[in-house]
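Colleague:
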DNA sequence: GTTGAGCGTT
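Residue numbers (the UniProt record's numbering): 1 to 125.
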């Protein structure tokens, strides 16, 4: 199952990270995977919400798809978020879409970090 | 008419 394969991958990845207590970053990885929100990086500048949703709608119900726009210029910042109705579907999307070509760019798909209030932005855990 | 690692206005 892709979910547990990815968990093992993230665990090994977190243990090799520098400057962090392994168990802390491992718990962060597990916490991220308990969510069905995905971070999508490396998007072409032309990608919009609907394009993003279409690209990720083959692995389950996409409840939200958003390309983050620059608040001043209104142009894409080249990344976005996709929400699924379940963690399992999100996991399948990571396995299937990470590293794939989308509009000529190689996209990076991973579980999103927990969205935190601004006053906690500098905190790791 | 530009950019290319990152983690989002509610």
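Don't be surprised by glycine CBs; every beta carbon is placed ideally from N, CA and C.
Using the Cβ count rule (16 or more neighbours within 10 Å means buried), how would you classify residue 68?
Modeller: Exposed, by the Cβ-count rule.
Colleague: Quick one: give me the first and last residue of the alpha helix (DSSP H) that residue 73 is part of.
Modeller: Segment: none, residue 73 is in no alpha helix (DSSP H) and carries neither H nor E.
Colleague: Alpha carbon to alpha carbon, how far is residue 61 from residue 42? Give it in angstroms, no decimals.
Modeller: Each residue's alpha carbon lies about 22 Å from the other.
Colleague: Measuring only the C-alpha atoms, how far is residue 126 from residue 23?
Modeller: This structure cannot speak to residue 126, because the chain is shown only from 1 to 125.
Colleague: Tell me where the alpha helix (DSSP H) around residue 91 begins and ends.
Modeller: Residue 91 -> alpha helix (DSSP H) spans 87–97.
Colleague: So the candidates are 91, 103, 96; which of them puts its Cα closest to the Cα of residue 34?
Modeller: Per the Cα distances, 91.
Colleague: On the CB-based measure, 16 or more other CB atoms within 10 Å of its CB, does residue 38 come out buried or exposed?
Modeller: The residue in question, residue 38, is buried, as its Cβ has 16 or more Cβ neighbours within 10 Å.
Colleague: What is the DSSP secondary structure of residue 56, reduced to helix, strand or coil?
Modeller: In the structure shown, residue 56 sits in a helix (DSSP, three-state: H, G or I).
Colleague: Can you tell me which of 45, 82, 58 puts its alpha carbon nearest to the alpha carbon of residue 73?
Modeller: Nearest option by C-alpha distance: 45.
Colleague: Quick check on the DSSP output: the beta strand (DSSP E) that includes residue 110 runs from which residue to which?
Modeller: Per DSSP, residue 110 belongs to the beta strand (DSSP E) from 108–111.
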